[in-house]
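The structure appears below as structure tokens.
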Amino acid sequence: MADLDDLYREIILDHYKNPRNSGSIESPPALVEEGFNPLCGDEVKLYLVIEDDRIADIRISGQGCSISRSSASLMSQAVKGKPISEAFDVLARFRRMMGIDGEESGEPEVADVRSLGELAALQGVVKFPVRIKCATLPWNTLSAAIARSLG
Amino acid sequence: MASTIRSAMTADTLDVRVIRKDFPIYQQPYEDKPFIYLDSAASSQRPEQVMQAMDEYYRRFHSNVHRGVYTLAEEATARYEAARVKVGRFLGAKDPSREVVFTKNATEAFNLVAQGLGRVLLNQDSVIVLTEMEHHANLVPWLILQEQIGFTIRYITFDSDGYLVLDELDSILDGASLLGVTMMSNVLGTVNPIAELAAAAHRHGALFLADAAQFAPHFEVDVSGLDIDLLCLTGHKMLGPTGIGALWARSEILDRMTPFLGGGDMIADVRLDGFVASEIPYKFEAGTPPIAEAVGWASAIDYLESVGMGSLRAHDLKLTEYAIANLTGSLGSAFKLYGPKVAADRGGVVSFDLAGVHPHDVAQVLDQHGVCVRAGHHCAKPLMRQIGTAATARASFYLYNDEADIDALVAALEDAYALFN
Ligand SMILES: Cc1ncc(COP(=O)(O)O)c(C=O)c1O
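From first to last, the protein sequence lines are chains A and B. Mapping of the first sequence onto our numbering: residues 43 to 193, in sequence order. Mapping of the second sequence onto our numbering: residues 926 to 1346, in sequence order.
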């Protein structure tokens, strides 16, 4: 049986209770993208300011469980101020860690996970397959927002 | 077998230990956890008797129904039709052999009503009335039909205690052709005043459609006494198998309705340029029906009847009272109950919020304790918006639950609260 401590690490609980970059940005200039998890009703609303191919600012609002909210908070930290190409790279590594887009074995590269820094706290989610969708919701929303900004 | 069940009750109380012996799922190891099943409102477990009935049907009597002239085909048809009558009698139908249409589930029954009745009853000037506490099954089929033919839908709202607001009922019903209401809310637990609502609908010349998906598993239903016109229910929430449900409707109404699904078995004649539909209820049952499921459902009804719907209700009520008292008692203001505060006004369903812990996380921590509860929007998104949340956790009770299950729920919730606060 998977252990709850793997899921609810301290970093996760901290980001759940004190979400970083939470709030909204006026649109325009911000790009607004909404994501839903139709199964459980989780919602995330992303505000993105993209300048010179960089994520100049990001704010997140919405409602959801500790996993989707902390994932959004950690994601905002990881991509804020980064060039879009770098954000894409983090996105790809995160999806691999979640066992999506990865090799069959689902075992993520250790170096890959380390390079994710605090985000690696979400690694335990993989042991709770139902919750993977919670963790990936903000990331899928980010990916949709960037795709839209690129036209 | 019925004798085992009868001995399980003394003076209106169920002996859960005896009941559980009939449910194989309680004899299985559940990983390395206790098995505390509190999600019967989503789907109940089923007793050995139901599985045996289906097994025996397949082993000894199966063939297609309504087709063959050989003995075996007659046996299968007789069992399928006997199941129809059993469901009809369980509901208090006047003409059980003609008024019950088997469907895949309650959802399909509502789609049949919307497409089969809605299309002959409604046009773009029509009005129907639903409530804000309906399950999507009694909402989306109407929204689909509305897109197709256009009509107005008015909604009866509910108050902060989960009761329908009926002050303006007469003006809401003015000019309406149909009123559709859930007999018991799957989220709030509220048991609605069905006789009163049906009478109001009839005063305005509207038909009354009832959603009995949650109600029928827990209470005696009497369509004649309540003066209901159409009613949908589902087998898997009342000890029956998945894959079967029914629409019951008065025969005059079924006669007016047009077929919804077409194909074999529902016709009297087919030519290349047209068809003649069969009689009710067959004209609504296209293709090979869920025969074994009907047989299993009939056996589930036998089981419920031998327990007695009155004893079952008394048991639900006792558990609901115990749950509300203990959850409030040990979690205090951290526990927020949705729906009526009075257990007598609700079925065995308790939706709640635990301060600082999202329902998903509640369900996850509870799972660690072997406690199975539902978390989410419960297929009632308009209701969730009305109560101002995206998700709740929900515990629901049935005849195999006891106070110890609720004690386990309370302990697990205390654990969840401690982890997050
Ligand atoms: C009140 C209510 N109506 C309708 C349904 C639909 O039942 P089914 O999914 O079996 O069609 C449900 C079940 O979730 C319900 O709770």
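Where is the CB? At the ideal position from N, CA and C, for every residue including glycine. All of these numbers come straight from a predicted model, not from anything done at the bench.
Quiz item: How would you label residue 1327(B), buried or exposed, when you count the other beta carbons within 10 angstroms and need 16 or more for buried?
Solution: Per the 10 Å Cβ criterion, buried.
Practice problem: List the residues of chain A that residue 1293(B) touches, going by C-beta distances under 7 Å, in chain order. | Solution: Residues of chain A passing the Cβ test: 46.
Quiz item: Given a threshold of 16 other Cβ atoms within 10 Å of its Cβ, counted over all protein chains shown, does residue 1045(B) qualify as buried or as exposed?
Solution: exposed
Quiz prompt | residue 1286(B) at chain A interface by Cβ criterion, 9 Å | solution = yes
Quiz item: Would you say residue 178(A) and residue 75(A) are within 9 Å of each other, going by their C-beta atoms?
Solution: Going by C-beta atoms, residue 178(A) is not nearer than 9 Å to residue 75(A).
Quiz prompt | Runs of alpha helix (DSSP H) lying entirely within the stretch 1288 to 1326 of chain B, each at least 4 residues, in chain order | solution = 1306 to 1312
Quiz item: Taking 8 Å as the cut-off, does the CB of residue 1109(B) come closer than this to any heavy atom belonging to ligand 1?
Solution: yes
Quiz item: Any heavy atom of ligand 1 closer than 8 Å to the Cβ of residue 1346(B)?
Solution: Residue 1346(B) Cβ: outside cutoff for every heavy atom of ligand 1.
Quiz item: Since residue 106(A) meets chain B, which of its residues come closer than 9 Å, beta carbon to beta carbon?
Solution: 1283, 1285, 1315 and 1316
Self-check item: Coil, strand or helix - residue 1141(B) by DSSP
Solution: Residue state for residue 1141(B) is assigned as coil, using DSSP reduced to three classes.
Exercise. Counting only the same chain and skipping the five closest in sequence on each side, list residues whose C-beta sits under 7 Å from that of residue 1182(B).
Key: 1041, 1042 and 1045
Quiz item: Are there 16 or more other CB atoms within 10 angstroms of the CB of residue 1308(B), so buried, or fewer, so exposed?
Solution: buried
Self-check item: Min CB distance residue 1306(B) to chain A below 9 Å
Solution: yes
Self-check item: Sub-9 Å separation of residue 1293(B) and residue 46(A) beta-carbons
Solution: yes
Practice problem: Go through its chain and collect everything with a Cβ distance to residue 1141(B)'s Cβ below 7 Å, but skip five positions before and after it. | Solution: 1158 and 1163
Quiz item: Under the rule that 16 or more other beta-carbon atoms within 10 Å means buried, what is residue 1033(B), buried or exposed?
Solution: buried
Quiz item: residue 1203(B) to residue 1026(B), Cα distance in whole Å?
Solution: Within the model, the alpha-carbon separation for residue 1203(B) versus residue 1026(B) is close to 13 Å.
Quiz item: For the stretch 66 to 89 of chain A, which residues have a beta carbon sitting closer than 8 Å to at least one beta carbon of chain B?
Solution: 81, 82, 83, 84 and 85
Quiz item: Is residue 1161(B) near ligand 1, going by C-beta to nearest heavy atom under 8 Å?
Solution: Closer than 8 Å to some heavy atom of ligand 1: that describes the Cβ of residue 1161(B).
Quiz item: Do residue 1280(B) and residue 1258(B) have their CB atoms nearer than 9 Å?
Solution: Cβ distance < 9 Å, so residue 1280(B) and residue 1258(B) count as in contact.
Quiz item: Looking only at C-alpha atoms, which of 1314(B), 1283(B) and 1156(B) sits nearest to residue 173(A)?
Solution: 1283(B)
Quiz item: Between which two residues does the beta strand (DSSP E) carrying residue 162(A) extend?
Solution: Following the DSSP letters along the chain, one finds residue 162(A) in no beta strand (DSSP E), marked with neither H nor E.
Exercise. Starting from residue 49(A), find everything on chain B with Cβ-Cβ shorter than 8 Å and list it in chain order.
Key: 1289
Quiz prompt | Within-9 Å CB hit, residue 170(A) to chain B | solution = yes
Self-check item: Test: residue 109(A) CB closer than 9 Å to a CB of chain B
Solution: yes
Quiz item: Around the C-beta of residue 1354(B), are 16 or more other C-beta atoms found within 10 angstroms, so that it is buried, or is it exposed?
Solution: Past the boundaries of the shown model lies residue 1354(B); chain B is included only from 926 to 1346, so the question cannot be answered.
Exercise. Could you spell out where the alpha helix (DSSP H) holding residue 1181(B) opens and where it closes?
Key: For residue 1181(B), the enclosing alpha helix (DSSP H) starts and ends at 1176 to 1181.
Quiz item: How big is the Cα-Cα spacing for residue 1135(B) and residue 1080(B)?
Solution: 15 Å
Quiz item: Is the beta carbon of residue 107(A) within less than 8 Å of some heavy atom of ligand 1?
Solution: no
Practice problem: List the endpoints of the continuous alpha helix (DSSP H) containing residue 1157(B). | Solution: Boundaries around residue 1157(B) are those of the beta strand (DSSP E), 1155 to 1159, since no alpha helix (DSSP H) includes it.
Quiz item: Nearest to residue 187(A) by CA position, among 81(A), 129(A) and 138(A), is which residue?
Solution: 129(A)
Exercise. Note the first and the last residue of the continuous beta strand (DSSP E) segment covering residue 178(A).
Key: Not the beta strand (DSSP E): residue 178(A) falls in the alpha helix (DSSP H), residues 174 to 191.
Quiz item: Per the contact definition of three or more C-beta pairs closer than 8 Å, is the stretch 1119 to 1129 of chain B in contact with the stretch 1081 to 1098 of chain B?
Solution: yes
Quiz item: DSSP on residue 1076(B), reduced to helix/strand/coil?
Solution: Three-state DSSP puts residue 1076(B) in coil, outside helix and strand.
Exercise. Would you decide whether residue 952(B) is buried or exposed? Buried here means 16 or more other CB atoms lie within 10 Å of its CB.
Key: Exposed, by the Cβ-count rule.
Exercise. Indicate the three-state DSSP secondary structure (helix, strand or coil) for residue 71(A) in the structure shown.
Key: coil
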